[in-house]
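Chemist:
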């Protein structure tokens with residue numbers, strides 16, 4: 150994909166001690182950084198998302214508008230645009246790709262913003278799913294730089310149940326003999342199709358399927374929706390999917406030297422005005438997890454969006470009610486911290 154810029158990081162030493170050789174971040178900016186430098190907004194990407202998909206969260210007349218804000222959309226390591234198994238230096242390509250945590254992603258994003266783009270503070274960091282997880286990570290890891298955060302359908306720490314869900318989709322992919330422990334010479338099609346089919350059952354809620362809401366997406370039956378998810382995942386490199394999945398599974402804002410695994414202390418260090426938006430029927434990131442988190446965030450609040458669309462209520466174009474709530478919350482935190 151050429152519709153973005155790249156920032157070279159050189160060799161990056163990761164939390165694990167491993168080296169990510171010749172690393173780079175793919176990103177795109179929208180709008181202009183103002184003279185006072187106080188209008189920068191960061192949008193990290195989500196699982197199987199790119200900066201292009203993030204464009205559905207802002208626009209003319211929206212709470213985030215390039216006419217008023219300098220929006221920076223940064224691609225997650227592993228998504229096929231930033232350094233990933235499919236495009237990495239031979240030393241860490243394919244099955245050799247090391248574990249890259251949210252901490253690693255955010256540390257590299259910090260370099261891009263401060264060294265590459267001259268951004269010294271963020272008016273807001275926001276994002277969906279893994280983008281929401283990175284929003285929490287940013288607010289804790291660089292608490293002095295983030296004024297406001299609106300993570301949606303994400304969490305500050307990946308829950309045990311969430312990790313179990315991810316183990317299920319991973320197992321579906323690895324069961325394909327063509328995967329060959331990541332050393333495949335052609336795409337493991339059966340595994341990728343199974344991965345997508347299992348994933349679809351978690352992306353929406355039980356009510357979504359019971360009430361046939363898939364028809365609003367243009368599918369006559371749920372089987373048609375499953376086939377669409379299969380086809381979509383055939384477009385992804387299997388090792389890229391696993392690299393992002395491992396990042397997600399290890400999500401924990403306290404898993405670093407600064408906090409030493411003390412989750413409550415990591416949450417308490419967040420000084421940003423934060424509103425987290427879970428969906429009532431999200432099977433990955435249920436509101437109960439966010440409720441436990443905001444107790445320890447001094448300026449934190451949770452606002453639940455009630456929708457049978459589950460995790461995909463936040464996907465641009467699916468649920469107009471979610472978009473209204475998201476814009477409302479973003480407007481509110483920006484006004485309170487300006």
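In my numbering, the protein residues as written are 150 to 487.
Backbone N, C-alpha and C fix where the C-beta goes; we use that ideal spot for every residue, glycine too.
Remember, it's a predicted structure, so these values are computed and weren't measured experimentally.
#1: Who are the near neighbours of residue 286 in its chain, counting only those whose CB is closer than 6 Å to its CB and skipping five residues on each side?
#2: Whole-angstrom Cβ separation of residue 340 and residue 387, contact assumed at under 8 Å?
#3: Who are residue 277's beta bridge partners in DSSP?
#4: Spatial neighbours of residue 154 within its chain, please: C-beta separation below 8 Å, excluding the five flanking residues on both sides.
#5: Residue 400 and residue 282: beta carbons closer than 8 Å?
#6: If the criterion is Cβ atoms closer than 8 Å, does the pair residue 328 and residue 351 meet it?
#7: Does the beta-carbon distance from residue 449 to residue 474 come in below 8 Å?
#8: Looking at the secondary structure, which residues open and close the beta strand (DSSP E) in which residue 170 lies?
#9: Pick out whichever of 309, 225 and 203 has its Cα sitting closest to the Cα of residue 173.
#10: What do you reckon, are the CB atoms on residue 466 and residue 205 nearer than 8 Å?
#11: Here's the rule I'm using: 16 or more other beta-carbon atoms within 10 Å means buried, otherwise exposed. How should residue 199 be labelled?
#12: Would DSSP call residue 340 helix, strand or coil?
#13: What span of residues does the beta strand (DSSP E) with residue 442 cover, start to end?
#14: Which residue comes first and which comes last in the alpha helix (DSSP H) that contains residue 202?
#15: Hey, how far is the Cα of residue 416 from the Cα of residue 253?
#16: Start and end of the alpha helix (DSSP H) containing residue 267?
#17: In terms of residue numbering, what span does the alpha helix (DSSP H) encompassing residue 425 cover?
#18: Helix, strand or coil for residue 431 per DSSP?
#19: Would you report the Cα separation of residue 545 and residue 239, rounded to the nearest angstrom?
#20: If you run the structure through DSSP and keep just helix, strand and coil, what is residue 150?
#21: Provide the residue span of the alpha helix (DSSP H) that contains residue 393, from first to last.
#22: Output yes or no for whether 8 Å exceeds the beta carbon distance between residue 182 and residue 268.
#23: Hey, would you say residue 366 sits closer than 8 Å to residue 376, going by beta carbons?
#24: When you compare only the Cα positions, how much space is there between residue 188 and residue 237?
#25: Have a look at 331, 212, 197 and 246 and flag the residue whose alpha-carbon is nearest the alpha-carbon of residue 280.
#26: Find the nearest neighbour of residue 398 within the set 229, 318, 293 and 243, judged by alpha-carbon distance.
#27: Is residue 380 helix, strand or coil when you go by DSSP?
#28: Just the Cα atoms here: how many angstroms apart are residue 487 and residue 292?
#29: Is residue 329 helix, strand or coil by DSSP?
#30: Any chance the stretch 357-371 sits against the stretch 432-449, with 3 or more Cβ pairs inside 8 Å?
#31: Over what stretch of residues does the beta strand (DSSP E) that includes residue 450 continue unbroken?
#32: Determine the extent of the alpha helix (DSSP H) in which residue 246 is found, giving its start and end residues.
#33: Classify residue 209 as buried or exposed, calling it buried when 16 or more other Cβ atoms lie within 10 Å of its own Cβ.
#34: Taking C-alpha atoms, which residue in 243, 158 and 299 lies nearest to residue 212?
#35: Leaving out five residues on either side along the sequence, give the residues of the same chain with a beta carbon under 8 Å from the beta carbon of residue 414.
#36: Just tell me which of 202, 194 and 456 has its CA closest to the CA of residue 223.
Modeler: So, from the data block:
#1: Taking the first residue of the chain shown as 1, we reach residue 286 at position 137. For residue 286, where only same-chain residues beyond five positions count, the Cβ hits under 6 Å are 251, 255 and 402.
#2: For this step, residue 340 is matched to residue 191 along the chain shown. For this step, residue 387 is matched to residue 238 along the chain shown. Contact holds; Cβ gap of about 7 Å.
#3: The residue given as residue 277 occupies position 128 in the chain shown. Note: residue 277 sits in a beta bridge opposite 301.
#4: Counted from its first residue, the chain shown places residue 154 at position 5. Closer than 8 Å at the Cβ level, and outside the excluded window around residue 154, lie 175, 176, 177 and 178.
#5: By 1-based counting over the chain shown, the position of residue 400 is 251. By 1-based counting over the chain shown, the position of residue 282 is 133. Yes, these two residues count as a Cβ contact at 8 Å.
#6: Here residue 328 corresponds to residue number 179 of the chain shown, with the count starting at 1. Here residue 351 corresponds to residue number 202 of the chain shown, with the count starting at 1. No, these two residues do not count as a Cβ contact at 8 Å.
#7: The count along the chain shown starts at 1 and reaches residue 449 at position 300. The count along the chain shown starts at 1 and reaches residue 474 at position 325. Going by C-beta atoms, residue 449 is not nearer than 8 Å to residue 474.
#8: Along the chain shown, read from residue 1 onward, the residue named residue 170 stands at position 21. Unbroken beta strand (DSSP E) run through residue 170: 168-179.
#9: As a position in the chain shown, residue 173 is number 24, starting the count at 1. Selected option, being the one with the closest Cα: 225.
#10: Here residue 466 is taken as the residue at index 317 of the chain shown, counted from 1. Here residue 205 is taken as the residue at index 56 of the chain shown, counted from 1. Cβ atoms of residue 466 and residue 205: closer than 8 Å.
#11: In the chain shown, residue 199 corresponds to position 50, counting from 1. Classification of residue 199: buried, given that the 10 Å Cβ count is 16 or more.
#12: As a working mapping, residue 340 is identified with position 191 in the chain shown. Note: residue 340 maps to helix in three-state DSSP.
#13: Taking the first residue of the chain shown as position 1, residue 442 is located at position 293. Careful: residue 442 lies outside any beta strand (DSSP E), inside the alpha helix (DSSP H) at 436-443.
#14: The count along the chain shown starts at 1 and reaches residue 202 at position 53. 200-203 is the span of the alpha helix (DSSP H), which, as asked, contains residue 202.
#15: By 1-based counting over the chain shown, the position of residue 416 is 267. By 1-based counting over the chain shown, the position of residue 253 is 104. If you take the alpha carbons of residue 416 and residue 253, they lie about 18 Å apart.
#16: The residue labelled residue 267 in the question sits at position 118 within the chain shown. Counting along the chain, residue 267 falls outside any alpha helix (DSSP H), and DSSP gives it neither H nor E.
#17: Here residue 425 corresponds to residue number 276 of the chain shown, with the count starting at 1. Unbroken run through residue 425 is the beta strand (DSSP E), 422-425; no alpha helix (DSSP H).
#18: Here residue 431 is taken as the residue at index 282 of the chain shown, counted from 1. Of the three classes helix, strand and coil, the one that applies to residue 431 here is coil, per DSSP.
#19: The question about residue 545 has no answer, for the chain in this structure spans 150 to 487.
#20: Counting from 1 along the chain shown, the entry for residue 150 is found at position 1. Model confidence at residue 150 stands at a pLDDT of 48, short of 50, so the residue's coordinates are unreliable; what they give is reported in the following sentence. The answer is coil: DSSP assigns residue 150 none of H, G, I, E or B.
#21: Taking the first residue of the chain shown as 1, we reach residue 393 at position 244. Element bounds for residue 393: 387-398.
#22: Taking the first residue of the chain shown as 1, we reach residue 182 at position 33. Taking the first residue of the chain shown as 1, we reach residue 268 at position 119. Result yes, Cβ atoms of residue 182 and residue 268 sit closer than 8 Å.
#23: Position 217 of the chain shown holds residue 366. Position 227 of the chain shown holds residue 376. Contact flag unset, no.
#24: Locating residue 188 in the chain shown gives position 39, counting from the first residue. Locating residue 237 in the chain shown gives position 88, counting from the first residue. Going from the Cα of residue 188 to the Cα of residue 237 covers about 33 Å.
#25: Working through the chain shown from its first residue, we reach residue 280 at position 131. Per the Cα distances, 197.
#26: Locating residue 398 in the chain shown gives position 249, counting from the first residue. Comparing Cα positions, the closest option is 318.
#27: Here residue 380 is taken as the residue at index 231 of the chain shown, counted from 1. Of the three classes helix, strand and coil, the one that applies to residue 380 here is helix, per DSSP.
#28: The residue labelled residue 487 in the question sits at position 338 within the chain shown. The residue labelled residue 292 in the question sits at position 143 within the chain shown. Cα-Cα distance, rounded: 17 Å.
#29: Taking the chain shown and counting its residues from 1, one reaches residue 329 at position 180. Correct three-state label for residue 329: helix.
#30: no
#31: Counting from 1 along the chain shown, the entry for residue 450 is found at position 301. Per DSSP, residue 450 belongs to the beta strand (DSSP E) from 449-451.
#32: What you label residue 246 is simply residue 97 of the chain shown in a count that begins at 1. Taken as a continuous stretch (DSSP letters only), residue 246 belongs to no alpha helix (DSSP H), as it is neither H nor E.
#33: Position 60 of the chain shown, counted from the start, is the residue given in the question as residue 209. The residue in question, residue 209, is exposed, as its Cβ has fewer than 16 Cβ neighbours within 10 Å.
#34: Here residue 212 refers to the residue found at position 63 when the chain shown is read from its first residue. When each option's Cα is compared against that of residue 212, the closest is 299.
#35: In the chain shown, the residue the question calls residue 414 occupies position 265. 403 and 408, listed in sequence order.
#36: On the chain shown, position 74 is the one that residue 223 refers to. Cα-wise, what sits closest to residue 223 is 194.
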